[in-house]
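Asks: Here it is, the structure, as structure tokens.
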Amino acid sequence: MAASANYFMKDVIKLKYNYHTHTIRCFHAKGTDEEYVRAAIKAGFDEIGFSDHSPWNFDSFVSHMRMHENELDEYCNSIKQLREKYKDKISIKLGLECEYFPKYLPWLKEMIEKHEIDYIILGHHFSTDETVGKYNGSLSEKEDLFVFRDDLIEAMDTGLFSYVAHPDIFMRGYPVFDETCEEISRQIISKAIETKTPLEYNLLGLSHSKNDGKQGYPHPEFWRIAGEMKPLVTVGIDAHFPEAYLDSELFESGYKQLERLGLKAVNSIKMLR
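Take 2 as the starting number for the sequence shown in my numbering and just add one per residue.
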């Protein structure tokens, strides 16, 4: 990292962290668990968290974008072993990225206790549940936006989630940021302020926007409103390959954008233990 980057990072954040990291178990990420850790150490991170897509206790449905339920033991053991192996070089937390599926929350809470999971983040990719719900990154109808809003508000009220990942994912597919989008954005941000739940400025979405020129998330209008309302915020790499940790330019750009909006990222997130 260049000298100017070091100066920026030192002045803006005290702890260099990322709690949004995936693994090959979700079928759309690359690299070994240890390769992510080594990349994070090389990039000078103080603390990282693995938060691969949570399995769910579906009856018969088989998901192709998350680990299977029978992989959860191995996932947790792998991260715990790496935490011990690299404890003198970096702090490693064990987490999951979960939707808000009320039907399956009792099962999720049991898994959190059984596996001593440190935190979970709300990545609400589907409403109701994945077996019947729509993907929230491809919404086109206004009524679906209200369902998404209601789910996020209910989820934040549980106090279970450490932060909301890509809270503006609905703009990945929705055609234009209209009055309805502004309304639900303000309501989501308001609930985040009320519950002291940080909202994530997602760097994977930012990289997609830079590469393809399409404005999905982080969406400028959502974050303009956030700049006005001043919720707690965090920056998430949403790493799907180890090299994502080495993109210091992208990492800095997220913090600089928040700074331009008058927002400052939290220095840590709430842990469950």
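Ideal placement from N, C-alpha and C gives every residue a C-beta, glycine not left out.
For the beta strand (DSSP E) that contains HIS54, what are its first and last residues?
Replies: Numbered from its first residue, the sequence shown carries residue 54 at position 53. From DSSP, the beta strand (DSSP E) with HIS54 extends over 48-54.
Asks: When burial is assigned at 16 or more other CB atoms within 10 Å of the CB, is ASP152 buried or exposed?
Replies: Taking the first residue of the sequence shown as position 1, residue 152 is located at position 151. With 16 or more other Cβ atoms inside 10 Å of its own Cβ, ASP152 counts as buried.
Asks: With a threshold of 7 Å (Cβ to nearest heavy atom), would THR24 be considered close to the ligand ATP?
Replies: Ligands are entirely absent from the displayed structure, and the ligand ATP is therefore not among its contents.
Asks: So, do the segment 186-201 and the segment 130-142 have three or more beta carbon pairs nearer to each other than 8 Å?
Replies: no
Asks: If we call anything under 8 Å between Cβ atoms a contact, is ARG278 one with PRO56?
Replies: Nothing can be reported for residue 278: it is not among the residues displayed for the chain, which extend from 2 to 274.
Asks: Can you list, in chain order, the residues of its chain with a C-beta nearer than 7 Å to that of HIS29? Leave out the 5 residues immediately preceding and following it.
Replies: Numbered from its first residue, the sequence shown carries residue 29 at position 28. If we look at HIS29 and ignore the five residues flanking it on each side, its Cβ neighbours are MET66 and HIS241.
Asks: Contact check, PHE149 vs LEU123 under 8 Å by CB: the rounded distance?
Replies: The residue labelled residue 149 in the question sits at position 148 within the sequence shown. The residue labelled residue 123 in the question sits at position 122 within the sequence shown. 12 Å between Cβ atoms; not a contact.
Asks: Taking the C-alpha atoms as reference points, what is the distance between SER5 and GLU75?
Replies: What you label residue 5 is simply residue 4 of the sequence shown in a count that begins at 1. What you label residue 75 is simply residue 74 of the sequence shown in a count that begins at 1. Per-residue confidence for SER5 stands at a pLDDT of 33, beneath the threshold of 50, marking its modelled position as unreliable; the derived number appears in the next sentence. For SER5 and GLU75, the distance between alpha carbons rounds to 41 Å.
Asks: With DSSP as the reference, please indicate the residues paired to LEU123 in a beta bridge.
Replies: Counting from one through the sequence shown, the residue named residue 123 turns up at place 122. Looking at the DSSP assignment, LEU123 forms a beta bridge with CYS99 and VAL165.
Asks: Using alpha carbons as the reference points, say which of ALA41, SER92 and ASP248 lies closest to ASP119.
Replies: By one-based count along the sequence shown, residue 119 stands at place 118. Comparing Cα-Cα distances from ASP119 to each of ALA41, SER92 and ASP248, the minimum goes to SER92.
Asks: Indicate the three-state DSSP secondary structure (helix, strand or coil) for PHE9 in the structure shown.
Replies: For the purposes of this step, residue 9 is taken as residue 8 along the sequence shown, with counting starting at 1. With a pLDDT of 43 at PHE9, under the threshold of 50, the modelled position of this residue cannot be trusted; read the value that follows with caution. Reduced to three states, the DSSP call for PHE9 is helix.
Asks: Where ASN71 and GLU180 are concerned, what is the direct C-alpha to C-alpha distance, given to the nearest angstrom?
Replies: As a first step, residue 71 must be located in the sequence shown, where it is residue number 70. As a first step, residue 180 must be located in the sequence shown, where it is residue number 179. Approximately 44 Å between the Cα atoms of the pair.
Asks: By Cβ distance, which residues of its chain are closer than 7 Å to GLY96, with the 5 residues on each side in sequence left out?
Replies: Translated into positions along the sequence shown, residue 96 becomes position 95. Excluding positions up to five away in sequence, the list reads TYR20, GLY50, PHE51, SER52, ILE118, ASP119, TYR120, ILE121 and ILE122.
Asks: Are LEU273 and LYS43 touching if we call contact CB-CB under 8 Å?
Replies: For the purposes of this step, residue 273 is identified with residue 272 of the sequence shown, where counting begins at 1. For the purposes of this step, residue 43 is identified with residue 42 of the sequence shown, where counting begins at 1. No Cβ-Cβ contact shorter than 8 Å links LEU273 with LYS43.
Asks: Is the separation between the beta-carbon of VAL234 and that of LEU264 shorter than 8 Å?
Replies: As a working mapping, residue 234 is identified with position 233 in the sequence shown. As a working mapping, residue 264 is identified with position 263 in the sequence shown. Yes, the pair counts as a contact, with Cβ atoms nearer than the cut-off.
Asks: Would a C-beta distance cut-off of 8 Å place VAL236 and LEU200 closer than the cut-off?
Replies: One-based indexing of the sequence shown puts residue 236 at position 235. One-based indexing of the sequence shown puts residue 200 at position 199. Cβ distance not < 8 Å, so VAL236 and LEU200 don't count as in contact.
Asks: Beta-carbon within less than 7 Å of LYS81's beta-carbon, same chain only, minus the 5 sequence neighbours each way: which residues are those?
Replies: The residue labelled residue 81 in the question sits at position 80 within the sequence shown. So the qualifying residues of the chain are LEU95.
Asks: To the nearest angstrom, report how far apart PHE59 and PRO107 are at their CA atoms.
Replies: Within the sequence shown, numbered from 1, the residue matching residue 59 stands at position 58. Within the sequence shown, numbered from 1, the residue matching residue 107 stands at position 106. The straight-line gap from Cα to Cα measures roughly 13 Å.
Asks: Once the 5 residues before and after LYS271 are set aside, which same chain residues still bring their CB inside 6 Å of it?
Replies: Along the sequence shown, one-based indexing puts residue 271 at 270. The residues are SER163.
Asks: Whole angstroms are fine: how far does the CA of GLU195 sit from the CA of PRO243?
Replies: Counting from one through the sequence shown, the residue named residue 243 turns up at place 242. Counting from one through the sequence shown, the residue named residue 195 turns up at place 194. Taking the straight line from one Cα to the other gives about 35 Å.
Asks: Could you give the C-beta distance for SER217 and MET157, rounded to a whole number, given that I count them as a contact under 8 Å?
Replies: On the sequence shown, position 216 is the one that residue 217 refers to. On the sequence shown, position 156 is the one that residue 157 refers to. Ser is not the amino acid found at residue 217; the sequence shown has Gly there. Their Cβ separation, rounded to whole angstroms, is 22 Å, which puts GLY217 and MET157 out of contact at 8 Å.
Asks: Quick one: complete alpha helix (DSSP H) runs, 4+ long, within the segment 145-233?
Replies: For the alpha helix (DSSP H) assignment, the uninterrupted runs of no fewer than 4 residues enclosed by the segment 145-233 are, from N- to C-terminal side, 180-196, 204-213 and 221-230.
Asks: Would you check if the distance between the CB atom of GLU222 and the CB atom of PHE252 is smaller than 8 Å?
Replies: Against the sequence shown, residue 222 aligns to sequence position 221. Against the sequence shown, residue 252 aligns to sequence position 251. No.
Asks: Could you pull out every residue in the same chain whose Cβ sits closer than 8 Å to the Cβ of ASN7, ignoring the five residues on either side in sequence?
Replies: Along the sequence shown, read from residue 1 onward, the residue named residue 7 stands at position 6. At ASN7 the pLDDT is 39, less than 50, meaning the model places this residue with poor confidence; the figure from the coordinates comes in the next sentence. Closer than 8 Å at the Cβ level, and outside the excluded window around ASN7, lies no residue.
Asks: Which of the three DSSP states, helix, strand or coil, is assigned to ILE93?
Replies: As a first step, residue 93 is located in the sequence shown; it is residue number 92 there, counting from the start. Reduced to three states, the DSSP call for ILE93 is strand.
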